[in-house]
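Encoded as structure tokens, the structure appears first; notes follow it.
Residue numbers (the working numbering), protein chains in the order written: chain A, 1 to 342; chain B, 343 to 684; chain C, 685 to 1026; chain D, 1027 to 1368.
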């Protein structure tokens, strides 16, 4: 049977979450996220991020959260700066442009923006014949598995505040970043250093759900209008609340992410031991080893994964993703197959 | 304890659906609705609607489905005609306008459009200084509980085809319409007479999910791009597939709707027996009785429901909604309370 | 030869404006309305409106000015209230909706909004499931020739400020309103009582050009970005400046409008003398007499005008428009023809 | 007195055009470009392009024409490919994104797209998680003064037709390209090889006006609705018609462009004679010489021009633009000043 390392949203959800759904199934709850589970989930999140002065909205998916968080902040002529590899730049079918805003993508080496990248975009956009950069979008962990340090995030945050730029952090894979072996950030740091960010559930063991935390006061008013208008307001919104209650009442959020990272570590070490290198250096749950095409093709017979890019004529950088549900046996089977081919 | 007749999405889902979710929880499935459950759900739906030449997309919510179905069909200068009470006209925060299109609302007596209403909009819009009507949007059952007969739908369908107008049917409460005592329509009729329509899950016992069926060939290309762009593509899309498998493999869709209607019938008869009239004549799961304000205020102490409109200074038309999960005991308790107050 | 009363933009421009264009033709001017003529025109306008704290932008056309003025002020979920006859509601091909905003049109008797109309829209829009009214749009003179008194404008202005609504006045035909026999408003009143408004040139003897005056501080920032983004920034912007210099340095703006009104008075009296009534009571340059269809059809052989609406089976309300260029002889010829038919 | 080489739209218009405006000033013309002058101008253009099966719309400005031509052709998820230097990419304040579409910009050496650039964009955009490239936008002459040969345009055209991409040519400076010493294209070639293109008036001696020619049948329907909706329909549309009558009835279009090119040739030869090189090789009316900063700063005292980019610490590439109105004396004065500084 074929095992998939295609992504971190191939399985359902943690049994604890399913159990909570069953136990509450016949409750009558208020719709549209006005229910008590959502209220409690928000309290748990606010404790975790150590900021009471935040508005929290739990939304269904990542593209939805990105387009809402960005379009809520920008006037029509304003634009968002991001890395060329940023999810909003390529992999969301122009969702941001569909709300009327240009995405100013910057080439980076490792998927991470620096203040130099941001300054470059500012320097190029000087007057009313060009869009006006007004927001910076970063992802943590990034789309290529890398992650920001506290120092790096502080630098960006300070620069954005000096320049009057909103800072938005896409946390679709924030769990993996925060539980990575080289992480020195906390949720509280992120809440302090950004204007809005979200904590991803979909890619960390929830059925779905992204908790958007808005701390900048200018971005709070009327946000629920925007949610409704974009078709993003879930009727049975407590389904989101219940999941984030479970994620944050017993460290489940961190536990699941830590498991995914552990499985990635095991994979990484095994792949390195076979003598292969990695295109990007990741300590999170996405790995980008470079394999000979012949090896890759053999592995494809038993495992699902995607090809990220051709590094030269004979080699491909592939993407392997582990999750809260990845089985050690599957990792070992992959490594065994790789060893045999190496 | 307070019982809610506020809407038909106050409870979770039918246990059969929860069971299916549990049983499939550790399967590895392809994301983005490319999984085998969704494929099978579509097959079941195609059997039911008796049309193989349709594209089916199962989406999370109603506003999302409305805005996608409408904006996929219209060029920038084109508009959609609907009843003034149409969900897209008032209760979706301008979601259609946010995609750039004007909603041409027509006053109606009972929430139902006729060809005369449509003709009126066509007559008023004659040249390039005005928007161009290109689609007709109807709901079945309507937002005020009424429903279309086969003859009425055939008339509208014929007229739309003569005039080159797309016909879109919002089926958020289609289950209730199809199982109503005065219904003479089938899903196959609707699939034959419209260009696109959807079968609502959210308001008929699913956790969420609306199955959009596109039969007009011009509306099919690239629809998945549009879904993704609007942030409406669920990563774990099989959750939608599983629910519609359950809804359509054992008549669960019809059974749940029939239960809601049965509960509404019981309510309606009891209310009528107390001597009250109804503002709109509904045989579906939404009832609109007119009550003296004093009676309404008393009932509010034990029951949740919404006030629809003031009919005169002393009376209010309230809205009572039953669902797949409504308990006969709750209906009886409501009627008993009403009797006592009458 | 056929004479046209179709509209007030059938001829070129006042010779004084053409002369100014010729005299400045070989000057080298800065582009994009940064030239000295535009600067001087703005000074002249600021003197006239008696408000120095305004931003002024001279734009090419009315629809452009409406969509810019409205979309600059509204967040995505916000809507604009207007009369059902408002130009933005029907005659601009959904230009406002194309910028994402719903137009909340209110039925009126005479094309004029009152605070009661505005309150009605506010009452209906109560929460995040509906759009949020945030602006009121009125026209002076209105699309049906009527006009606001100082008292009426003060009432609306006070109400809007109490309710946090922006007040926008479409002055495409403001000249005609201000020089009408029943006017008691000045440009200074309008500048004081609205948040933004414009002074129409196109329909009052300019080749083109509408001067948008923004007094609310929230609406000023970055407006030139919006102009450019909507394709509304004229490269040779001094053409706009030159025209408004001419309009406001020697009362030409008022003189041309007064001429149009004089011609309309002459028409109105003559038509009334023939025993015909008017559908709307206008003292501005648009008249709406009700004629027997047979009379209308005969007049069409020698005159161009539009049919506004059928008042009964045998009668039609037609629209006659006079302009700065209307010749008394043409008016007399029309009246003579009418007398012969009556 | 300071002389400006800032752009080609610093002066009014050719006296012949002013004369035509005066002669027709008191004609009564139909509004909205339905007049006889516009009809005749279109006939003249159709003769020149040797294609009768085209729809022609004369619009006021370039950004307007770009956003209309592009948004008329694209469905919401579709994108336009252009050179990084393309006008729509940087200098139109995100006008294309404001209509909902992503601009896929490609780095080029000389501002010209090749089939290789287009293929690169196609290769990267493969499925519904990304936008779908559907149009190619090129400018002739380009924003950096270069121009396409017949062979190059044929290659792009063939490739686009094979790939199902619309080809749009921005001809804001088409006159200069067609009268350049190295041109081998005709208007008829362009009409044959593109799906839509425009002939620029604003930058070639008209007061304003761009004639958009649509040859692809899919792009023709309802275009006037789109013009009106975007606020781009000029009330006194005959002003556009009159200008294009003049431009095309006596070769004025070519004569004015040839003059601008002649002035640029004179400048180019003189600059080269002083020993300076050019950053881009242009035979059109925009020149990009690289000057020592000290020289540039001295020249700025007597001449207006813009700095394009810093080529190294001590040198800047400046932009000099000539026009239909550029005087030989001004060119000679510039060259004399340059010689003195060299």
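Glycine is no exception: its CB is placed at the ideal position from the N, C-alpha and C atoms. A quick note: this is a predicted structure, and the numbers were derived from the prediction, not measured.
Within chain D, the residues that residue 706 of chain C reaches when beta carbons sit closer than 7 Å: 1044
Neighbour-count burial assignment, residue 1142 of chain D, 16 or more Cβ in a 10 Å radius: The residue is exposed, with fewer than 16 neighbouring Cβ atoms inside 10 Å.
Range of the contiguous beta strand (DSSP E) that encloses residue 139 of chain A: 132 to 139
Distance between beta carbons of residue 551 of chain B and residue 481 of chain B, contact taken as under 8 Å: The C-beta distance from residue 481 of chain B to residue 551 of chain B rounds to 18 Å, too long to meet the 8 Å contact threshold.
C-alpha distance - residue 755 of chain C paired with residue 1264 of chain D, whole-angstrom precision: So the alpha carbons of these two residues sit roughly 29 Å apart.
Contact list for residue 1158 of chain D against chain B, beta-carbon separation under 8 Å: Residues of chain B passing the Cβ test: 564, 567.
Minimum Cβ-Cβ distance from residue 929 of chain C to chain D less than 8 Å: no
Same chain, Cβ closer than 8 Å to residue 980 of chain C, neighbours up to 5 away in sequence not counted: So the list reads 991, 1000, 1002, once near-sequence residues are dropped.
Cross-chain neighbours of residue 435 of chain B in chain C, by beta carbon under 7 Å: 761, 812, 813, 814, 815
Test: residue 1286 of chain D CB closer than 8 Å to a CB of chain C: Not one chain C Cβ lies under 8 Å of residue 1286 of chain D.
CB of residue 1089 of chain D within 8 Å of CB of residue 912 of chain C, strictly: yes
Residue interval of the alpha helix (DSSP H) (run including residue 49 of chain A): 36 to 49
Residue 832 of chain C, DSSP secondary structure in three states: coil
Status (buried if at least 16 other CB within 10 Å, exposed otherwise) for residue 158 of chain A: exposed
The stretch 414 to 422 of chain B / the stretch 437 to 456 of chain B touching (three or more Cβ pairs under 8 Å): yes
Neighbour-count burial assignment, residue 294 of chain A, 16 or more Cβ in a 10 Å radius: exposed
Three-pair Cβ contact test at 8 Å for the stretch 209 to 226 of chain A versus the stretch 265 to 274 of chain A: no
Test: residue 451 of chain B CB closer than 8 Å to a CB of chain C: no
Distance between residue 438 of chain B and residue 941 of chain C (C-alpha atoms, nearest Å): 40 Å
Beta-bridge partners of residue 1186 of chain D, as assigned by DSSP: In the DSSP output, where bridge partners are listed per residue, residue 1186 of chain D has none listed.
Cβ neighbours of residue 1361 of chain D in the same chain (closer than 6 Å, five flanking residues each side left out): 1296.
is_contact[residue 755 of chain C, chain A] using C-beta, thresh 8 Å: yes
CB-CB length for residue 1033 of chain D against residue 1347 of chain D, believed under 8 Å: Their Cβ separation, rounded to whole angstroms, is 5 Å, which keeps residue 1033 of chain D and residue 1347 of chain D in contact under 8 Å.
Close-in-space but distant-in-sequence residues of the same chain around residue 145 of chain A (CB under 7 Å, 5 per side omitted): 280, 282, 284, 286, 287, 288
Any 3 or more C-beta pairs closer than 8 Å across the stretch 42 to 55 of chain A and the stretch 242 to 257 of chain A: Cβ pair count under 8 Å is three or more, so yes.
Any chain C beta carbon closer than 8 Å to residue 459 of chain B: no
Residue of A/265, A/339, A/211 minimising C-alpha distance to residue 40 of chain A: A/211
One or two residues paired with residue 32 of chain A in a DSSP bridge: Its beta-bridge partners do not exist; DSSP assigns none.
Nearest-angstrom Cα separation, counted from residue 1301 of chain D out to residue 1367 of chain D: 12 Å
Closer than 7 Å: residue 874 of chain C CB and nearest the ligand ADP heavy atom: Ligands are entirely absent from the displayed structure, and the ligand ADP is therefore not among its contents.
Start-end ranges of the alpha helix (DSSP H) lying completely within the stretch 216 to 248 of chain A, minimum 4 residues: 223 to 229
The stretch 150 to 169 of chain A touching the stretch 191 to 204 of chain A, judged by at least three CB pairs closer than 8 Å: Judged by Cβ distances under 8 Å, the stretch 150 to 169 of chain A makes contact with the stretch 191 to 204 of chain A, as three or more pairs qualify.
For residue 291 of chain A and residue 314 of chain A, the rounded distance between their alpha carbons: 9 Å
Extent of the continuous beta strand (DSSP E) to which residue 1332 of chain D belongs: 1332 to 1338
Beta strand (DSSP E) segment containing residue 790 of chain C, residue limits: 787 to 790
Presumed contact (8 Å Cβ cut-off) between residue 767 of chain C and residue 795 of chain C, rounded CB distance: 5 Å
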